[in-house]
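> Here it is: the structure, laid out below.
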């Protein structure tokens, strides 16, 4: 039965046609495959590195980069889902969506077929769908940080692949170790316990159906709806909005004293 197998027939045909050069031909083909895989990894490395730097450039100086509260509140009077999306955030989304749409066609028509072909296709399609939903639902602030978190570890993954294809074993080992460490830190710790945890406030807001509620966290500060800063609570001021149980929104006293245009209309004395 082994004599009738396609693999045996293929090897036999090459040996009969090319004779002694059969071994060299196999070596040349293996090198060609490695070169193609190296080029694919190099292209992905360039994308992930540039996407990471671009996402950090856009989000690093934004308040929501270090405080997830500002995913949903601010600046000024803006509250999710009525927050304006900055042009640079749109650029980050277009950059990421364009790459993953291209990657779907690249896997289908150009790139080397690997064992994880089906998994990769599903991953790219799911990523495009999530990016589109995030854009439509105005979750771009959280989405930009998620893109930065996920792209970082892929840089070291592609670096390790290139080192492996180049037979640079020590660099491949170092890149793999850094990849594992960054993957655990960013995707298993920061992503669920920092990013996803902040979305619990949206669930509470949906359950409350927009009604004014109390701050669910004992000792939590208040947030001025106008200047979006923490202020000590003034007992003479009535809460005007409670966002997802995160904090009670007040117009702070400094804003009132400074004569802000829209500040006084939110300040209502409590009934005696």
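Residue numbers (our numbering): 15 to 286.
Using N, Cα and C, we set each Cβ at its ideal position, and we do this for glycine too.
DSSP state of residue 153, grouped into three classes?
It is coil, neither helix nor strand.
> Measuring alpha carbon to alpha carbon, tell me which of 70, 154, 202 and 177 ends up nearest residue 100.
Closest in C-alpha terms to residue 100, from the list 70, 154, 202 and 177, comes 154.
> Within the continuous alpha helix (DSSP H) that includes residue 100, where are the two ends?
For residue 100, there is no enclosing alpha helix (DSSP H), as DSSP marks it with neither H nor E.
> Is residue 60 closer than 9 Å to residue 111 when the C-beta atoms are compared?
no
> Exposed or buried, which one is residue 87 when buried takes at least 16 other CB atoms within 10 Å?
buried
> Between the beta-carbon of residue 160 and the beta-carbon of residue 209, is there less than 9 Å?
yes
> Are the CB atoms of residue 54 and residue 126 within a distance shorter than 9 Å?
Result yes, Cβ atoms of residue 126 and residue 54 sit closer than 9 Å.
> Grouping DSSP H, G and I as helix and E and B as strand, with all else coil, what is residue 132?
helix
> Can you round the beta-carbon distance between residue 166 and residue 200 to whole angstroms, since I take them to be within the 8 Å contact cut?
6 Å
> Exposed or buried, what is residue 179 when buried is set at 16 or more other beta-carbons lying within 10 Å of its beta-carbon?
Residue 179 is buried by the Cβ-count criterion.
> Anyone know if the C-beta pair for residue 157 and residue 107 falls short of 9 Å?
yes
> Does the separation of the CB atoms of residue 98 and residue 175 fall below 9 Å?
no
> Could you check whether residue 162 and residue 66 sit closer than 9 Å to each other, using their CB atoms as the reference points?
The Cβ atoms of residue 66 and residue 162 lie closer than 9 Å to each other.
> Is the distance from the Cβ of residue 212 to the Cβ of residue 73 below 9 Å?
Going by C-beta atoms, residue 212 is not nearer than 9 Å to residue 73.
> Would you report the Cα separation of residue 191 and residue 182, rounded to the nearest angstrom?
Each residue's alpha carbon lies about 15 Å from the other.
> Could you pull the start and end residues of the alpha helix (DSSP H) that residue 87 belongs to?
Counting along the chain, residue 87 falls outside any alpha helix (DSSP H), and DSSP gives it neither H nor E.
> Please return the same chain residues whose Cβ sits closer than 6 Å to the Cβ of residue 171, not counting the five positions on each side in sequence.
Hits under 6 Å: 193.
> For residue 185 versus residue 177, is the C-beta spacing smaller than 9 Å?
yes
> Taking the Cβ atom as the reference point for each residue, do residue 205 and residue 138 lie within a distance shorter than 9 Å?
no
> Can you check DSSP and say which residues form a bridge with residue 93?
Per DSSP, 87.
> To the nearest angstrom, report how far apart residue 62 and residue 105 are at their CA atoms.
Using only the alpha carbons, I get a separation of about 15 Å.
> Where does residue 78 sit, in a helix, a strand or coil, going by DSSP?
Three-state DSSP puts residue 78 in a helix.
> Look at the Cβ atom of residue 152, then the Cβ atom of residue 95, and state whether they are nearer than 9 Å.
yes
> Assign residue 214 to one of three DSSP states: helix, strand, or coil.
helix
> What does the alpha-carbon distance come out to for the pair residue 141 and residue 134?
10 Å
> Give me the Cα-Cα distance between residue 149 and residue 42, rounded to the nearest whole angstrom.
47 Å
> Output yes if chain D places a C-beta closer than 9 Å to the C-beta of residue 72; else output no.
Reference to chain D is not applicable here, since this structure consists of a single protein chain.
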